[in-house]
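Going by our numbering, the first residue of the sequence shown is number 234, and it counts up by one from there. Heads up: the structure comes next, in structure tokens.
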Amino acid sequence: MRTVFLGLCLTLTGYAIGVAAPSPLDPVGVAPHIYELAFENDRVRVLNKTIRNGETPPIHSHPDRVIVYLNPCAWLIQNDDGSESMQSYKFGTPVWAPAETHGGTTSNVIQQCSVIEIELLE
């Protein structure tokens, strides 16, 4: 009986550590120079993100989230046909972004861009 109890305790402890451990693709862990944790509870996680021209964020993942632009932001994007186009957002613009894994692409922003990303955890 004692062995079963000890085994159960070790299993639960391992599970708790695994649940609490950050993902290896967590943006705050892989790119702390870009992402900063502002707030977190069991339903949302709020990240401050600063996008600078010439930076290349490592591959990382996000759940579904809302992005709010804290200053006017504009950058050049490469289209599928090889042409470039400008993408821009005004101060305060909220944008829905589905869950994704991305990174590895060098930022081509016109000026430093600050955003808040509100990740949905449920």
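Each residue gets a CB set at the ideal place from its N, CA and C atoms; glycine is no exception.
Just to confirm my understanding: we take P260, look at its own chain, exclude 5 residues before and 5 after, and list those with CB closer than 6 Å. What are they?
Y268, H293
Evaluate K323 with the Cβ neighbour count: other Cβ atoms within 10 Å of its Cβ, from every protein chain shown; 16 or more gives buried, anything less gives exposed.
Counting Cβ neighbours within 10 Å, K323 comes out exposed, since fewer than 16 surround it.
Quick one: residues in its chain with C-beta nearer than 8 Å to the C-beta of V342, no 5 flanking neighbours on either side, listed in chain order?
I284, R285, N286, C306, A307, W308
Going by CA-CA distance only, name the one from P327, P257, H295, T334 that's closest to L353.
H295
DSSP bridge partner residues for F272 (one or two, in chain order)
Beta-bridge pairing links F272 to V279.
Classification of I300 by the beta-carbon crowding that lies within 10 angstroms, buried from 16 upward:
That one is buried.
Going by beta-carbon coordinates alone, are N304 and S347 separated by less than 9 Å?
Between N304 and S347, the CB-CB gap stays under 9 Å.
Using three-state DSSP, classify P291 as helix, strand or coil.
coil
Tell me, to the nearest whole angstrom, how far the beta carbon of Y302 is from that of T326; I am working on the premise that it is less than 8 Å.
5 Å
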